[in-house]
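Peer 1:
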Amino acid sequence: MRAMADAPRYRFAPSPTGMFHVGGARTALHNWALARQSGGTFVLRIEDTDEVRNRPEWTEGIIDALAWIGISADDPHFEGPLFQSAYAEAHLDAARRLFEGGHAYYCDMTPEQIQERAKAEGTTGYGGWSRDRGLGPGPGHVLRFRVPEGTTVVRDQVRGEVKFDNGTIEDFVLVRGNGTPVFILANVVDDEAMAITHVVRAEEHLPNTPKQQMIWQALGHEPPVWAHVPVLVNDQRKKLSKRRDKVALEQYRDEGYLPAAMINYLMTLGWSPGEDEIQPWSVMEQKFRLDDVNLSPAFFDLKKLAAFNGEYIRKLTVDELVEACDPWLPDDWDRAAFREMAPHIQPRLVTLGDAPGVVDFLFTDDPEIDETSWDKTMTAEYAAPLLADVIGAYEQADWTADTLKSTLEDLMTRYELKLGKAQAPVRVAVTGRTVGPPLFEALEVMGRDESLRRMRAALERIG
RNA sequence: GCCCCCAUCGUCUAGUGGCCUAGGACACCACCCUUUCAAGGUGGCGGCACGGGUUCGAAUCCCGUUGGGGGUGCCA
């Protein structure tokens, strides 16, 4: 019991937007690792304060996405989902206490009026106009926090001490004119209500932190331990945004990235697991330390993610690979044939979604002829006679990859060709392309009749 | 504008005053292997932003400059 009482409580607090941001995934992973390695708890809180964006299916999406990266709602370290909206009473109650304690005051100025006034006075921002007007609650009145004089020091697990001169912080809004609480208040009240001990989030929240810390103190509580990890950026070094960048975790999932690869890659951003950066989650989960987190923004590099994914795909057993690819394969494709080819396509895949495109010629009625490939190979003088010879020899040959290969090797000497050149017309005839999985293995899987049919068709086309 | 954060190869990082002639990975290039393309192997290219200190000694500590980023809402 004692241990439970002392166990840290981390939280992950996404707002439901309909897609799960990769940056959020990384933050979730950090919190998850920290909670699990300390015997603590990972609290999932859905920040649904903004009524406009609040749909139940969004929450399902978040839970699914978390599950995909190994953060299971069934794990004993997982708590939630809790909903911010369910704490509305507590938010307003806190607001009331803040007002009654003199830590907050009401103001009836609209944003437009504030702007005009600032402009007229040649200043910027709000300026605390209603501080001493003694206004009470009322329609259109916002509640503002009375920022005290002095300095606020945020002790951050990643960045050390960060000092803010309170004079640079405006009297910010706690409750909107329509009576609803703003994120900054709700966030603090929820963290307190949920007994959160550690707030680990992205750096973009650092400027909020002194404000939240002041609210904690005004409410009479000790703030949690803060930690702000650097943001993820795009190739322009701008924060990853859903408008510009490919940030939806679901999209990577649907393209056939393996969760293990995504998790591993995400963890290497801003942190390093040590000697070898390819590490299983079980190891990273134990090794991860906030003190070791880098301080500068990290570029989310699709190429490196792809490299990780390829590496993870190559580590799969054939059975695992076949099973993993299944969702991307058309229903009517012969699974046994695909399985035969699986070991051969394995080193050629970047994503699971690439699989069908590599072996589609095996399952279609006719190969889709790539004209560039055709022109490159079939216009050679030897193409037609060689193809004719191959057809003749293959009518009799043992239909195994080995004999098919040696048979072609016997023929090619007549034309003074190397295997690389000699196999090309056959490959284009059968697959339609110049590149693809190992030819003779593919022929073996395709079978004699269909293979010969395609070669004859090609011969005819050459004329 | 103001506040805050940051700064090691193109990118992600190792490095916490001497082990650094700065290590690894991705990308790129070359070669090898080879049944095309991959994968794999070997090698190469490439970096401590700049200027001052501190120190016997600095990528590592301090200051400044420059450059990036984040925040500046009655969004979260």
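Sequential numbering from 217 applies to the first sequence in the working numbering.
Using N, Cα and C, we set each Cβ at its ideal position, and we do this for glycine too.
Note that the coordinates shown come from a computational prediction; the quantities given were computed from them, not determined experimentally.
Can you check the region 477-506 for any alpha helix (DSSP H) of at least 4 residues that lies completely inside it and give the ranges in chain order?
Peer 2: The qualifying runs are 497-503.
Peer 1: Can you name, in chain order, every residue of its own chain whose Cβ lies under 8 Å from the Cβ of Lys335, other than the five neighbours on each side?
Peer 2: As a first step, residue 335 is located in the first sequence; it is residue number 119 there, counting from the start. Counting only Cβ-Cβ distances below 8 Å, and skipping sequence neighbours, we find nothing.
Peer 1: Based on the DSSP secondary-structure assignment, which residues constitute the bridge partners of Lys379?
Peer 2: Residue mapping note: residue 379 aligns to position 163 of the first sequence, counting from 1. DSSP output for Lys379 lists Val369 as bridge partner(s).
Peer 1: Using a Cβ-Cβ cut-off of 6 Å (strictly less than) and excluding sequence neighbours within five positions of Phe515, which residues of its own chain qualify?
Peer 2: As a first step, residue 515 is located in the first sequence; it is residue number 299 there, counting from the start. Excluding positions up to five away in sequence, the list reads Val449.
Peer 1: If Leu465 and Ala281 are in contact, beta carbons under 8 Å, what's the gap, nearest whole angstrom?
Peer 2: As a first step, residue 465 is located in the first sequence; it is residue number 249 there, counting from the start. As a first step, residue 281 is located in the first sequence; it is residue number 65 there, counting from the start. Indeed they touch by this definition, with Cβ atoms about 5 Å apart.
Peer 1: Can you name the start and end residues of the alpha helix (DSSP H) that Ala418 belongs to?
Peer 2: Taking the first sequence and counting its residues from 1, one reaches residue 418 at position 202. Note, Ala418: premise wrong, no alpha helix (DSSP H); beta strand (DSSP E) at 414-418.
Peer 1: At which residues does the alpha helix (DSSP H) containing Pro583 begin and terminate?
Peer 2: Within the first sequence, numbered from 1, the residue matching residue 583 stands at position 367. Looking at the DSSP string, Pro583 is not in any alpha helix (DSSP H), and its letter there is neither H nor E.
Peer 1: Which one of Thr243, Val534, Leu565, Gln639 has the shortest CA to CA distance from Ala553?
Peer 2: Stepping through the first sequence from its first residue, residue 553 is reached at position 337. The shortest C-alpha separation from Ala553 is found at Val534.
Peer 1: To the nearest angstrom, how far is it from the Cα of Pro355 to the Cα of Leu390?
Peer 2: Indexing the first sequence from 1 puts residue 355 at position 139. Indexing the first sequence from 1 puts residue 390 at position 174. Going from the Cα of Pro355 to the Cα of Leu390 covers about 15 Å.
Peer 1: For Ser667, is the classification buried or exposed, using 16 other Cβ atoms within 10 angstroms of its Cβ as the cut-off for buried?
Peer 2: On the first sequence, residue 667 is found 451 positions in, with the first residue counted as 1. That one is buried.
Peer 1: Rounded to the nearest angstrom, what separates Glu676 and Met594 at their Cα positions?
Peer 2: Counting from one through the first sequence, the residue named residue 676 turns up at place 460. Counting from one through the first sequence, the residue named residue 594 turns up at place 378. When rounded, the distance between both Cα atoms is 11 Å.
Peer 1: Just grab the DSSP bridge partners of Thr257 for me.
Peer 2: Here residue 257 corresponds to residue number 41 of the first sequence, with the count starting at 1. For Thr257, which the question treats as bridged, DSSP gives the partners Arg225.
Peer 1: How would you write the range of the beta strand (DSSP E) that Leu298 sits in, first residue to last?
Peer 2: One-based indexing of the first sequence puts residue 298 at position 82. 294-299 is the extent of the beta strand (DSSP E) around Leu298.
Peer 1: Suppose contacts are defined by Cβ-Cβ distances below 8 Å. Is Trp615 in contact with Arg672 by that definition?
Peer 2: The residue labelled residue 615 in the question sits at position 399 within the first sequence. The residue labelled residue 672 in the question sits at position 456 within the first sequence. Not closer than 8 Å, so no.
Peer 1: Can you list, in chain order, the residues of its chain with a C-beta nearer than 6 Å to that of Val463? Leave out the 5 residues immediately preceding and following it.
Peer 2: For this step, residue 463 is matched to residue 247 along the first sequence. So the qualifying residues of the chain are His237, Val238, Leu456.
Peer 1: Should Ala411 be labelled buried (16 or more other beta-carbon atoms within 10 Å of its own) or exposed?
Peer 2: Reading the first sequence from its first residue, position 195 is the one you call residue 411. When all chains shown are included, Ala411 counts as exposed.
Peer 1: Mapping the DSSP letters down to three states, classify Trp345 as helix, strand or coil.
Peer 2: Working through the first sequence from its first residue, we reach residue 345 at position 129. The answer is coil: DSSP assigns Trp345 none of H, G, I, E or B.
Peer 1: What are the complete alpha helix (DSSP H) segments, minimum 4 residues, inside the region 608-665?
Peer 2: Here the runs fully enclosed are 617-628, 635-647, 655-662.
Peer 1: Where do the N-terminal and C-terminal ends of the beta strand (DSSP E) with Phe399 fall, by residue?
Peer 2: Here residue 399 refers to the residue found at position 183 when the first sequence is read from its first residue. It is not in any beta strand (DSSP E) - Phe399 instead sits in the alpha helix (DSSP H) that spans 399-409.
Peer 1: Measure from the alpha carbon of Pro475 to the alpha carbon of each residue in Trp284, Met483, Arg643, then state which is nearest.
Peer 2: Counting from 1 along the first sequence, the entry for residue 475 is found at position 259. Checked all of Trp284, Met483, Arg643; the closest Cα to Pro475 is Trp284.
Peer 1: What does DSSP give as the partner residues of Lys335 in its beta bridges?
Peer 2: Numbered from its first residue, the first sequence carries residue 335 at position 119. Answer is none; Lys335 lacks a bridge partner.
Peer 1: When we look at the beta-carbon of Gln562 and count the other beta-carbons within 10 Å, is it buried (16 or more) or exposed?
Peer 2: Start at 1 with the first residue of the first sequence, and residue 562 comes out as number 346. Gln562 comes out buried.
Peer 1: Three or more beta-carbon pairs under 8 Å between the region 500-516 and the region 542-550, yes or no?
Peer 2: Because the criterion of three Cβ pairs below 8 Å is not met, the region 500-516 and the region 542-550 do not touch.
Peer 1: Going by DSSP in three states, Ala251 sits in which element: helix, strand or coil?
Peer 2: Within the first sequence, residue 251 is the residue found at index 35, counting from 1. The answer is helix: DSSP assigns Ala251 an H, G or I state.
Peer 1: Excluding the 5 residues preceding and the 5 following Glu173 in the sequence, name in chain order all residues of the same chain whose CB lies nearer than 7 Å to its CB.
Peer 2: Any question about residue 173 goes unanswered here, given that the chain covers just 217 to 679.
Peer 1: Just tell me which of Lys458, Asp324, Thr588, Arg349 has its CA closest to the CA of Asn394.
Peer 2: For the purposes of this step, residue 394 is taken as residue 178 along the first sequence, with counting starting at 1. The shortest C-alpha separation from Asn394 is found at Asp324.
Peer 1: Is there contact between the region 403-419 and the region 437-446, where contact requires at least three CB pairs shorter than 8 Å?
Peer 2: The region 403-419 is in contact with the region 437-446.
Peer 1: Hey, quick one: how far does the beta strand (DSSP E) through His444 stretch, first residue to last?
Peer 2: Here residue 444 is taken as the residue at index 228 of the first sequence, counted from 1. Where His444 is concerned, the enclosing beta strand (DSSP E) stretches over 441-445.
Peer 1: Let me know if Gln369 comes out buried or exposed under the rule of 16 or more other beta-carbons within 10 Å of its beta-carbon.
Peer 2: Counted from its first residue, the first sequence places residue 369 at position 153. Inspection of the sequence shows that residue 369 is occupied by Val rather than by Gln. The residue in question, Val369, is exposed, as its Cβ has fewer than 16 Cβ neighbours within 10 Å.
Peer 1: Nearest CA to the CA of Glu408: which residue from Trp432, Ile385, His421, Thr396?
Peer 2: Position 192 of the first sequence, counted from the start, is the residue given in the question as residue 408. Comparing Cα-Cα distances from Glu408 to each of Trp432, Ile385, His421, Thr396, the minimum goes to Trp432.
Peer 1: Taking only three categories from DSSP, how would you classify Arg218?
Peer 2: Looking up residue 218 in the first sequence gives position 2. Unreliable positioning characterises Arg218 in this predicted model, as indicated by a pLDDT of 37, which lies under 50. The coordinate reading is nonetheless provided below. It is helical.
Peer 1: For Met217, I'd like the list of residues in its chain whose CB is within less than 8 Å of its CB, leaving aside the five on either flank, ordered along the chain.
Peer 2: Locating residue 217 in the first sequence gives position 1, where the first residue counts as 1. Low per-residue confidence applies at Met217: pLDDT is 36, beneath 50, and the placement is therefore not dependable enough to give any value.
Peer 1: Need the endpoints of the alpha helix (DSSP H) that Ala596 sits in, please.
Peer 2: Taking the first residue of the first sequence as position 1, residue 596 is located at position 380. First-last for Ala596: undefined, no H or E at that position.
Peer 1: Are the region 467-487 and the region 519-539 in contact at 8 Å, needing three or more beta carbon pairs?
Peer 2: With a cut-off of 8 Å, the region 519-539 and the region 467-487 count as touching, because enough Cβ pairs lie within range.
Peer 1: Buried or exposed: Glu276, going by 16 or more other Cβ atoms within 10 Å of its Cβ?
Peer 2: Taking the first sequence and counting its residues from 1, the one referred to as residue 276 is at position 60. So Glu276 counts as exposed.
Peer 1: On the DSSP letters alone, give me the boundaries of the beta strand (DSSP E) that Tyr322 sits inside.
Peer 2: On the first sequence, residue 322 is found 106 positions in, with the first residue counted as 1. Here the beta strand (DSSP E) through Tyr322 covers 320-323.
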